[in-house]
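A.B. asks: Numbering (full-length UniProt numbering), first residue to last: 1 to 292.
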């Protein structure tokens with residue numbers, strides 16, 4: 001954006017010690033939109049004062065966040081919000097300049113490698129074993145316990161880079177590939193877990209599931225390792241945690257709900273005082289997805 005007298009005057013006030021003045025200046029700069037980001041970046045590069053640099057960084061973040069909120073709104077209003085698109089929007093919260101083409105290229109390579117090993121004669125378990133073997137053995141995807149000190153563990157782009165994610169991020173990658181390959185695997189809300197299930201459901205029939213679809217589940221998959229579990233294993237788990245296995249635990253999550261969960265868990269990485277604003281922003285995005 002061309003630097004006008006107004007922009008120059010606003011930039012001179014960024015270091016004003018009066019919080020009310022800075023708040024007014026911030027709101028005015030934010031109202032100018034993302035086009036002013038290059039000007040702010042140049043100002044950051046030419047400013048020696050670290051406290052002023054921090055204020056500039058916060059302004060740039062707020063501008064990216066405004067754009068991201070609009071992108072989430074558009075994604076939410078799509079006829080069928082896709083999991084890949086939602087996961088990439090979450091990644092853009094932390095990496096606003098994310099190279100989407102690289103992520104899409106990596107996903108396509110994985111999809112193609114799995115697709116080459118699939119055929120119409122494979123059983124559901126054999127199909128799943130192909131996906132699992134290539135993802136966890138060929139690509140060496142690893143699962144680690146959720147660690148709120150490691151924000152990158154929640155982000156799809158970083159999971160693809162490091163081949164290391166937690167149950168939610170690994171599960172999202174697994175679900176994206178299964179969807180691209182027309183393998184009927186969905187995440188289900190079993191308590192205290194992020195577990196995937198293979199449903200005996202034809203494409204286009206997801207809206208006609210019975211009230212208790214557990215009878216349609218052939219087996220379960222742990223996205224930490226790709227290990228398969230039986231219905232008996234799941235029943236044993238429910239007895240161990242002393243929770244009745246009600247029908248609601250076997251109904252698939254929507255893509256919207258999965259991204260909400262991802263935002264809520266990712267937000268917990270920013271609960272310290274200095275980054276609390278990020279926690280609040282991520283929870284606002286989650287709430288946005290829940291609004292009718």
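Quick reminder that beta carbons are idealized off the backbone N, C-alpha and C, glycines included. All of these numbers come straight from a predicted model, not from anything done at the bench.
List, from N- to C-terminal side, the alpha helix (DSSP H) runs of 4 residues or more that fit wholly inside the stretch 113 to 137.
C.D. replies: Those alpha helix (DSSP H) runs which fall completely within the stretch 113 to 137 and span 4+ residues are 124 to 132.
A.B. asks: Please state whether DSSP places residue 95 in a helix, a strand or coil.
C.D. replies: Coil.
A.B. asks: Which same chain residues end up closer than 7 Å to residue 222 when comparing Cβ atoms and leaving out the 5 residues on each side of it in sequence?
C.D. replies: The answer, listed in chain order, is 195 and 229.
A.B. asks: By a C-beta neighbour count over all protein chains shown, 10 Å radius and 16 as the cutoff for buried, is residue 287 buried or exposed?
C.D. replies: Its Cβ having fewer than 16 others within 10 Å, residue 287 is exposed.
A.B. asks: Between the C-alpha atoms of residue 259 and residue 5, what's the straight-line distance to the nearest angstrom?
C.D. replies: If you take the alpha carbons of residue 259 and residue 5, they lie about 42 Å apart.
A.B. asks: If you count every other CB in all the chains shown that lies within 10 Å of the CB of residue 25, and 16 or more means buried, which is it?
C.D. replies: Flag for residue 25 reads buried.
A.B. asks: Kindly provide the ranges of any alpha helix (DSSP H) runs that are 4 or more residues long and lie completely inside the stretch 132 to 214, ordered along the chain.
C.D. replies: Entirely contained in the stretch 132 to 214, the alpha helix (DSSP H) runs reaching 4 residues are, in chain order, 156 to 162 and 167 to 180.
A.B. asks: According to DSSP, simplified to helix, strand and coil, what is residue 227?
C.D. replies: In this structure, residue 227 counts as coil in the three-state DSSP scheme.
A.B. asks: Please report how far the alpha carbon of residue 190 lies from the alpha carbon of residue 252, in whole angstroms.
C.D. replies: About 10 Å.
A.B. asks: With DSSP collapsed to three states, give me the class of residue 220.
C.D. replies: Residue state, collapsed to three classes: strand.
A.B. asks: Could you check if residue 104 is buried or exposed, using at least 16 other CB atoms within 10 Å of its CB as the buried criterion?
C.D. replies: Answer is exposed; the Cβ neighbour count stays below 16.
A.B. asks: Which residues bound the alpha helix (DSSP H) around residue 35?
C.D. replies: Residue 35 -> no alpha helix (DSSP H), and no H or E assigned at all.
A.B. asks: Using DSSP with H/G/I as helix, E/B as strand and the rest coil, what is residue 77?
C.D. replies: Residue state, collapsed to three classes: coil.
A.B. asks: Are the Cβ atoms of residue 224 and residue 143 separated by less than 7 Å?
C.D. replies: Closer than 7 Å, so yes.
A.B. asks: Given a threshold of 16 other Cβ atoms within 10 Å of its Cβ, counted over all protein chains shown, does residue 147 qualify as buried or as exposed?
C.D. replies: Exposed, because fewer than 16 other Cβ atoms sit within 10 Å of the Cβ of residue 147.
A.B. asks: State buried or exposed for residue 193, treating a residue as buried only when at least 16 other CB atoms are found within 10 Å of its CB.
C.D. replies: Counting Cβ neighbours within 10 Å, residue 193 comes out buried, since at least 16 surround it.
A.B. asks: Just to confirm my understanding: we take residue 118, look at its own chain, exclude 5 residues before and 5 after, and list those with CB closer than 7 Å. What are they?
C.D. replies: The residues are 127, 130 and 181.
A.B. asks: Grouping DSSP H, G and I as helix and E and B as strand, with all else coil, what is residue 55?
C.D. replies: DSSP places residue 55 in helix when its eight states are reduced to three.
A.B. asks: Quick one: is residue 138 buried, meaning 16 or more other Cβ sit within 10 Å of its Cβ, or exposed?
C.D. replies: That one is exposed.
A.B. asks: Can you list, in chain order, the residues of its chain whose CB lies under 6 Å from that of residue 283, leaving out five sequence neighbours each side?
C.D. replies: Result list for residue 283: 267, in chain order.
A.B. asks: What number of angstroms, rounded off, separates the C-alpha of residue 82 from the C-alpha of residue 17?
C.D. replies: Their backbone Cα atoms lie some 45 Å apart in a straight line.
A.B. asks: Pull up the distance between the alpha-carbon of residue 133 and that of residue 141, whole angstroms please.
C.D. replies: Taking the straight line from one Cα to the other gives about 10 Å.
A.B. asks: Under the rule that 16 or more other beta-carbon atoms within 10 Å means buried, what is residue 66, buried or exposed?
C.D. replies: Exposed is the call here.
A.B. asks: Could you check how far apart the C-beta atoms of residue 154 and residue 262 are, in whole angstroms? I think they sit under 8 Å.
C.D. replies: Yes, residue 154 and residue 262 are in contact; Cβ-Cβ is about 6 Å, under 8 Å.
A.B. asks: Would you mind stating whether residue 156 and residue 87 have Cβ atoms separated by less than 7 Å?
C.D. replies: Closer than 7 Å, so yes.
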